[in-house]
Amino acid sequence: NVAWSLTVLENYDSPDSITLLQRIFQDAAKASKADKVIQLEHAHQLWQALFLLEDECPEAVKDVPKWFYQFLEKRWNAEKSRTKLSSARHRSLSDTLDLMGISHYNEH
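By our numbering, the letter at position 102 of the sequence shown is numbered 1325, and the numbering carries on one by one without gaps.
So, in structure tokens, the structure goes:
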């Protein structure tokens, strides 16, 4: 997801980046409205980028439709509130970090 990547890399404040981000959010909203669906991972990354850009670069997200903002927020909150279990791979990685004495937190 380009919007998420630009946001995480803090490469969102050039005129070209702002234009690109505006286009990404506009296109995602149009596609979501037309198809009535968006992949969960895409929704999460768009929400994360939108949430951060609201404060860091409001110009990039000023035209995000309110319904799309609420839709992304709702998808994020639904995912974060559901009960999850760590995969065997995640647990194995956590065990390896424990054996290496590396401090970490496995949230599930």
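The beta carbon of each residue, even a glycine, is placed where N, CA and C say it ideally should be.
Computed from a predicted model, the values in this text were never measured in an experiment.
| request: Kindly indicate which three-state DSSP category residue 1284 falls into: helix, strand or coil? | output: As a position in the sequence shown, residue 1284 is number 61, starting the count at 1. In this structure, residue 1284 counts as helix in the three-state DSSP scheme.
| request: Could you pull the start and end residues of the alpha helix (DSSP H) that residue 1246 belongs to? | output: Position 23 of the sequence shown, counted from the start, is the residue given in the question as residue 1246. Taken as a continuous stretch (DSSP letters only), the alpha helix (DSSP H) holding residue 1246 covers 1238 to 1258.
| request: Would you give the residue range spanned by the alpha helix (DSSP H) that residue 1352 belongs to? | output: The first residue shown for the chain is 1224 and the last is 1331, placing residue 1352 beyond what the model contains.
| task | With residue 1267 as the anchor, note down where its alpha helix (DSSP H) starts and where it stops. | result | The sequence position of residue 1267 within the sequence shown is 44, counting from 1. Per DSSP, residue 1267 belongs to the alpha helix (DSSP H) from 1263 to 1279.
| To the nearest whole angstrom, what separates the beta carbons of residue 1227 and residue 1272, a pair I think is in contact under 8 Å? | Start at 1 with the first residue of the sequence shown, and residue 1227 comes out as number 4. Start at 1 with the first residue of the sequence shown, and residue 1272 comes out as number 49. Their Cβ separation, rounded to whole angstroms, is 5 Å, which keeps residue 1227 and residue 1272 in contact under 8 Å.
| What residues in its chain sit with their C-beta under 7 Å from that of residue 1295, if we drop five residues either side in the sequence? | Working through the sequence shown from its first residue, we reach residue 1295 at position 72. Around residue 1295: 1266, 1269, 1270 and 1273.
| Just checking my contact of residue 1298 with residue 1263 at CB under 8 Å: how many whole Å lie between their CB atoms? | The residue you call residue 1298 lines up with position 75 of the sequence shown. The residue you call residue 1263 lines up with position 40 of the sequence shown. About 7 Å; that satisfies the 8 Å criterion.
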